[in-house]
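Have a look at the structure below before the remarks.
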Amino acid sequence: MSMRPHLLVPFLACALLAQAPARKLHPELLVSTAWLADHLKDPDLALLHVADTFADYKRGHIPGARYLATAKFIDNAGPLGSELPPVETLVKTFSELGISEKSRIVIYATAWMPNAARAFFTLDYLGRGDRAALLDGGIEQWLVEDRPVTGALPAFAAAAFVPKVRPEVRASLEEVKSVVEAPAAQATGQVLDSRPERRYKAGHLSGANHVYWQETLVDEEHPVFQPVAKLEALLAARGLLPGRKVLTYCEVGLQAAHGYFLCRYLGYEAALFDGSFQEWSAAKLPTVTGGGKTAPPPAPPAN
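Heads up: the sequence shown runs through residues 1 to 303, numbered per the working numbering.
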């Protein structure tokens, strides 16, 4: 019996889900606005408001939120943009923010969710991901629910931030290259492109699966995550395989941070390709065009 092509992708998605090895979901990585409202007074809560400028933060933040400037964890000084700063710089930043071993960290961002996800990735790289979470829906959802904001500065003391660096969650160019060039049957990893579809179609890493980060949300006005079942079905439909490490990328490593968080939340082993497409292109490595929405296009034959 033959199967019509347009039925093949949903069929494969269901098959992948049915055969998938057990993955441990991490619901603790995402907290609701209701949860946050109930825990604002917790002594160990460290609520971080990610913004480009202090003026953005001062204009209105959730009561008790501490200002984390994007420039403190996104370094644009080197030849590649949006890289991780040195560990000692990050330690100083989080120490000054009062992050300690006991802190339960909740992160949200002004206007653009990938910045919050990038802050989460940074903390995960430093070994504190198990004590961190994103606020589902961010400040937008908080405001939709008519919850309070303030311009007042919170009082908090600096703390000793001791990193436990996890290099395995930051993918190098060589690691990504080895996965891209490996025959599919031998690959131990897989690549996820988090950019808009038009950018993916214009040129992407061979074999890369595509999930634009905004597809994981209910909508732009209410940027809460889709239910877990829908997220899992989305990733399966786009060709992501359980049991293989996911290497996420975008243009410069920001949208990819959202893909990284998504994979961690759903229980995939993940790493973020910090240099992303800019580093791949600078190395003059090959790309392919087309594809999108379903499974990635086949890799070109080896010479």
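Built from N, CA and C at the ideal position, the CB exists for glycine as well.
Taking the CB atoms as reference points, tell me whether residue i and residue j lie closer together than 8 Å.
i, j, result
"F261", "F121", "yes"
"F273", "A256", "yes"
"G138", "W213", "no"
"A65", "L90", "no"
"K245", "A270", "yes"
"L29", "Y265", "yes"
"V106", "L153", "no"
"A51", "A109", "yes"
"R104", "R147", "no"
"G218", "R238", "It is Val, not Gly, that sits at residue 218 in the sequence shown. Going by C-beta atoms, V218 is not nearer than 8 Å to R238."
"Q190", "L240", "yes"
"A133", "V31", "yes"
"A202", "L192", "no"
"D136", "F225", "yes"
"A187", "V176", "no"
"S206", "P79", "no"
"T33", "E145", "yes"
"V87", "P163", "yes"
List the residues that DSSP assigns as beta-bridge partners of residue i.
i, result
"Y249", "D193"
"L272", "R170, T248"
"F225", "L217"
"L30", "L134"
"Y108", "H49"
Take residue i as the anchor and find which of the options has the nearest alpha-carbon.
i, options, result
"K24", "V288, T248, G267", "G267"
"W280", "G253, L235, V218", "G253"
"P43", "E174, G239, S100", "S100"
"A157", "V165, S95, R238, G129", "S95"
"A160", "L68, S82, G81, T93", "T93"
"G81", "H222, R128, A282, V288", "A282"
"P223", "D75, A236, A117", "A117"
"R128", "E145, L97, V165", "V165"
"A311", "T216, P86, G243", "Here the chain has residues from 1 to 303 only, and residue 311 is not among them."
"E220", "P114, A184, H26", "P114"
"Y200", "A55, P242, F277, V149", "F277"
"A331", "P27, K284, K41, G243", "Limits of the chain in this structure are 1 at one end and 303 at the other, which puts residue 331 out of reach."
"K58", "H204, P242, K284, V149", "V149"
"K284", "G243, H204, H26", "H204"
Consider the C-beta atom of residue i and the heavy atoms of the ligand ADP; say whether any pair is separated by less than 7 Å.
i, result
"L30", "Absent from the structure shown: the ligand ADP. Ligands present: none."
Between residue i and residue j, how many whole angstroms is the CB-CB distance? I'm expecting something under 8 Å.
i, j, result
"W142", "I62", "6 Å"
"G151", "G60", "6 Å"
"L126", "G275", "Rounded, the Cβ-Cβ distance is 19 Å, inconsistent with contact."
"L84", "D75", "7 Å"
"C250", "R198", "The Cβ separation is near 13 Å, so there is no contact."
"A171", "L247", "5 Å"
Within 8 Å (strictly less), CB to CB, does residue i reach chain B?
i, result
"V169", "Note that chain B does not occur in the displayed structure, where there is just one protein chain."
- What are the complete alpha helix (DSSP H) segments, minimum 4 residues, inside the stretch 132-211? 138-144, 173-181, 197-202
- Task: May I have a chain-ordered list of the alpha helix (DSSP H) segments no shorter than 4 residues that lie completely inside the stretch 45-103?
- Result: 54-59, 87-96
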